[in-house]
Amino acid sequence: MADNIDKTDPAVRREIAQRFTAAIPHNHAIGLVLVDAGPPAVHTRLAYREAFLGDVEAGLWHTGVATTAADSSCGLAAFLAVPGLEAVATLDLRMDYLRPAVAGRDLDVVARCHHVTGHVAFVTAVLHQGDPDRPTARCTASFMRTGGSVLA
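Per our numbering, the sequence shown starts with residue 85, numbered consecutively.
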């Protein structure tokens, strides 16, 4: 895939997003899958696993799992927003946990890059378990533009 690609084309975005998700071993290990590549937002899903529970007795997801899914999803949104195949790296990521994610239900992440400068891409995300109007968490992240291609 060349550096001069059209990331506004939904088919191209989907192919890039699928490759991005599959190329990161941790995404594969936890089972993070692409639901939609947008535009304007990236939607990923993490299927429920008992291993993701931080509080087994209460049946609550571990917040670290949610943070991992948010970081990967926001990184993908940033990557799709910068020109070409320019690599990005997480600078800052803040999670606001609004309610616990509960056992037995998948976790969805909808991430949107809302601003790109010459050096930084800014992304927000909503995490939910089927109802975007009842989020389990919100995320705000910034990603450094490296200036280098992921193909280099």
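Think of the CB as a built atom: it goes at the ideal place given N, C-alpha and C, for glycine as much as any other residue.
Spatial distance of residue i from residue j (CA atoms)
| i | j | result |
| --- | --- | --- |
| His212 | Ile89 | 32 Å |
| Pro123 | Val200 | 15 Å |
| Val117 | Ile108 | 11 Å |
| Gly115 | Gly202 | 33 Å |
| Pro167 | Ala225 | 19 Å |
| Ser157 | Asp215 | 18 Å |
| Met85 | Ala165 | Its pLDDT being 48, under 50, Met85 is placed unreliably by the model, and the measurement read from it follows with that caveat. Their backbone Cα atoms lie some 17 Å apart in a straight line. |
| Leu160 | Glu99 | 12 Å |
| Arg129 | Asp176 | 22 Å |
| Ala162 | Val193 | 14 Å |
| Leu191 | Phe206 | 22 Å |
| Val210 | Tyr132 | 17 Å |
| Phe104 | Ala121 | 11 Å |
| Cys197 | Thr208 | 7 Å |
| Gly231 | Ala187 | 41 Å |
Bounding residues of the beta strand (DSSP E) (the contiguous stretch that carries residue i)
| i | result |
| --- | --- |
| His199 | 191 to 200 |
| Val207 | 204 to 212 |
| Thr230 | 221 to 233 |
CB-CB length for residue i against residue j, believed under 8 Å
| i | j | result |
| --- | --- | --- |
| Val119 | Ala171 | Val119 to Ala171, Cβ: 24 Å. No contact. |
| Phe227 | Ala173 | 6 Å |
| Ala185 | Trp145 | 4 Å |
| Asp155 | Ala221 | Going by Cβ atoms, the distance from Asp155 to Ala221 rounds to 12 Å, so no, they are not a contact pair. |
| Ala195 | Ala125 | 6 Å |
Residue from the options with nearest C-alpha to residue i
| i | options | result |
| --- | --- | --- |
| Ala135 | Thr208, Ala113, Ala121 | Ala113 |
| Arg189 | Ala121, Gly143, Asp139, Ile100 | Gly143 |
| Gly138 | Thr128, Ala131, Ala150, Leu130 | Ala150 |
| Pro219 | Leu182, Leu169, Ala125 | Leu182 |
Whole beta strand (DSSP E) elements within the stretch 99 to 148, 3-residue minimum: 116 to 120, 126 to 130, 137 to 139
Ordered list of alpha helix (DSSP H) runs contained in the stretch 154 to 188, each at least 4 residues: none
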